[in-house]
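With my numbering applied, the sequence shown corresponds to residues 1279 to 1804, in that order. Read through the structure below, which is laid out as structure tokens, and then see the notes.
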Amino acid sequence: MLEKHGELIRIKEPVSPDLAMAAIALKTFAEGGPAVFFEKVEGSPFPAVCNLFGSEKRAALLLKGELAFNFKNISRGFHALPLPAFCKPVMQQEISLSDLPQIKCWPRDGGAFLTLPQVLTIKPGKKSWLHSNLGMYRVQISGNDYIQNEECGLHYQIHRGIGIHHQEALARGEKLKLSIFIGGPPGNTLAAVMPLPNGVPELAFAGMFSKRAFRYAKYNGWLISTDADFCILGEVQSDLKPEGPFGDHLGYYSEKHPFPYLKVHKVFARKDAVFPFTVVGRPPQEDTIFGSLIHKITAPFISKVLPGVHEVNAVDAAGVHPLLLALGSERYLPYEKREPLELLTQSNAILGFGQLSLAKYLFIAAKEDNPNLSVHNIPEFFEHILCRINLERDIQIHKNTSIDTLDYTGTSLNRGSKAVFAAAGEPCRELGCASPVKGVLVVQNKIEHGENSEKFPLVILCDDAEFTKKNLNNLLWVTFTRSNPATDISFSNNQVIIDARKKPHHAEELQTLTQSTPITAQQPPM
């Protein structure tokens, strides 16, 4: 179907899965290219495909044009969705992990990884899909201390549903059964990345996205997707093994750390199976499209689950979780001078809700001050905040909290701090323009206080000012992926200063495509 619409190209020559396929994927996405089908992958009998979700146009084709759904029906209950259906198994062949394309994306990666897996667990003590969690957690299938073809690493971030099932299994003294699906209907892949509340099974949403019930079978206590191209069955062991490094979506390496791993029992493939993969790195990448889809799909629910909150945007250019923008309300004291009161209450609700709780910096504004303001117009949103914020009153810092597992700016893995910047009321200052965002001053290595400090309430201290202020994406990425609020925010001379310089404990930055070895004859014709 994609080929018919001019949205896919084929590479017929053999390509190495060791960095070369990933380099082609990165280059193709950067140039707005189509999906890429690798007919011959060195070392594997299976073809592979990447960049499937590389544009919203292509995602709409894959999802049959449906990016807006009937949420009224969904709210009535699961009976309004195409519910999972039991089928006969269709996996025709048993294979080994080493038969899969051994794709390594970045030079320091600890081995080959699955980057588009659908990982399914069922609540210990239960058997039905109604008690399932489907998530996308990276899986390391080679390298480190894993026994080849018998073990693979499982990396899941804090606040993910699989962690609850894992904890319950440990408490029961059981090993958690786990199924990994690769491929199948694109709606199944999208369902795996949906940030649904705990206890809401993603398998029901997979049927909605695919316009067809999620079809499954049972095998010795495991649930198998009968539409997947590949299926790995295993049990999570009670101890840990080193996992990583892995070039991640913040634009840095996740370093090697102890994480859970699986004892692999079976690996199946269907006839004519195709191996899908993606490459993550500094945004934007293909997962940027996933983020855009999630925002569109979940937007109608925000005001339902977070009263008073109108809109949120986990900013992709800043690595998603490091920066969250939100529009809230100030409604309860209309007779007093406007200042952030209800906004700060709403900020606590946001920072305690699901995956939004991973936000490190939250900027929240009152919609009443500008009904046309949008969290997706980032420069305008920052200008709205910065011309109104009271620096002594409207910034709150939460010390010693949980942060994204992939964020290395904190005190240790999973631990760091959060900051809330809130603004309501009339403008109190004029802003100067010295960077992609009015009111933001970018300086290198040291602060020099000038006469116009009042016009620049936010100062970014960085290693390379020219790079940081070159464009909006650079400014957001440097500022929010290289700072920990509790230790890197200071106040001086009517300014708030964020120290976004690299620190010794930070993770290593990923080598960009332009810095790496040039792609030669294997690059696709564009």
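No residue lacks a Cβ here, since even glycine has one placed at the ideal position from N, Cα and C. Owing to the predicted nature of the structure, the values given are computational and were not obtained by experimental measurement.
Item, Value
"Which runs of the beta strand (DSSP E), 3 residues or longer, sit entirely within the stretch 1566-1623?", "1589-1592, 1601-1606"
"Can you list, in chain order, the residues of its chain with a C-beta nearer than 8 Å to that of lysine 1677? Leave out the 5 residues immediately preceding and following it.", "Ser1695, Ala1764"
"Does the stretch 1669-1684 come into contact with the stretch 1716-1723, if we say contact requires no fewer than three beta-carbon pairs (one atom in each stretch) closer than 8 Å?", "no"
"As a quick exercise: from Glu1285, Asp1526, Pro1323, pick the residue whose alpha carbon is nearest that of aspartate 1377.", "Pro1323"
"Considering only the beta carbon of each residue, do histidine 1588 and leucine 1571 sit closer than 8 Å?", "no"
"Taking just the CA atoms, how far does alanine 1308 sit from glutamine 1563?", "8 Å"
"Assuming glutamine 1396 contacts threonine 1306 (C-beta within less than 8 Å), just tell me the rounded distance between them.", "At roughly 23 Å, the Cβ-Cβ gap does not stay under 8 Å, so glutamine 1396 and threonine 1306 are not in contact."
"Is the beta carbon of glutamate 1620 less than 8 Å from the beta carbon of arginine 1609?", "yes"
"Counting Cβ pairs, one atom from each stretch, are 3 or more of them under 8 Å apart for the stretch 1421-1428 and the stretch 1452-1460?", "no"
"Using DSSP bridges, identify the partner residues of serine 1532.", "Phe1524"
"Once the 5 residues before and after glycine 1222 are set aside, which same chain residues still bring their CB inside 8 Å of it?", "Since the first and last residues shown for the chain are 1279 and 1804, residue 1222 lies out of range."
"By DSSP's criteria, arginine 1386 is part of a beta bridge. Which residues make up the other side?", "Bridge partners of arginine 1386: none, in fact."
"From which residue to which residue does the beta strand (DSSP E) around phenylalanine 1699 run?", "1693-1701"
"State the beta-bridge partners of alanine 1643 as determined by DSSP.", "Leu1605, Ala1701"
"Between Ala1577, His1543, Ile1419, Asn1692, which has its C-alpha nearest proline 1600's C-alpha?", "Asn1692"
"I'd like the list of long-range same chain contacts for proline 1554, defined as Cβ closer than 8 Å, with 5 residues on each side in sequence excluded.", "Ala1326, Val1327, Cys1328, Leu1330, Leu1394, Ile1460, Gly1461, Thr1467, Asp1507"
"Quick one: what's got a C-beta closer than 7 Å to alanine 1346's C-beta in the same chain, skipping five residues either side?", "Below a pLDDT of 50, predicted positions are generally treated as unreliable, and alanine 1346, at 47, falls in that range; no measurement from the model is reported."
"So what's proline 1554 in DSSP terms, helix, strand or just coil?", "strand"
"Just how far apart, CA to CA, sit threonine 1689 and leucine 1636?", "15 Å"
"For the beta strand (DSSP E) containing glycine 1465, list its first residue and its last residue.", "It is not in any beta strand (DSSP E) - glycine 1465 instead sits in the alpha helix (DSSP H) that spans 1464-1470."
"Would you call the CB atoms of valine 1314 and isoleucine 1287 closer than 8 Å?", "yes"
"Applying the criterion that 16 or more other CB atoms from any shown protein chain within 10 Å of the CB defines a buried residue, is glutamine 1633 buried or exposed?", "buried"
"In terms of residue numbering, what span does the beta strand (DSSP E) encompassing histidine 1543 cover?", "1539-1547"
"Going by C-alpha distance, which of Val1593, Lys1549, Arg1548, Gly1586 is nearest isoleucine 1567?", "Val1593"
"Glycine 1569 and phenylalanine 1758 look like a contact to me (Cβ under 8 Å); what is the Cβ gap, rounded to whole Å?", "Rounded, the Cβ-Cβ distance is 15 Å, inconsistent with contact."
"Kindly indicate which three-state DSSP category aspartate 1296 falls into: helix, strand or coil?", "strand"
"To test your reading of the DSSP string, which unbroken beta strand (DSSP E) runs of 3 or more residues are found completely within the stretch 1747-1780?", "1767-1770, 1773-1777"
"Could you tell me whether the Cβ atoms of glycine 1321 and glutamine 1380 are closer together than 8 Å?", "yes"
"Pull up the CB-CB distance for glycine 1388 and lysine 1534, whole angstroms please, since I reckon it's below 8 Å.", "6 Å"
"I'd like to know whether the C-beta atoms of glutamine 1371 and alanine 1643 end up nearer to each other than 8 Å.", "no"
"For the putative contact between glutamine 1624 and leucine 1669, defined by C-beta atoms under 8 Å, what is the C-beta separation to the nearest angstrom?", "About 20 Å separates the two Cβ atoms, so there is no contact after all."
"In this structure, does DSSP put glutamine 1380 in helix, strand or coil?", "coil"
"Contact defined as beta carbons within less than 8 Å: I believe glycine 1630 pairs with phenylalanine 1537. What is the distance between those atoms, to the nearest angstrom?", "With a Cβ gap of about 25 Å, glycine 1630 and phenylalanine 1537 do not count as contacting."
"So for glycine 1311, helix, strand or coil by DSSP?", "coil"
"For asparagine 1762, which residues from the same chain have a beta carbon less than 7 Å from its beta carbon, with the 5 sequence-adjacent residues on both sides left out?", "Thr1687, Gly1688, Gly1694, Ser1695"
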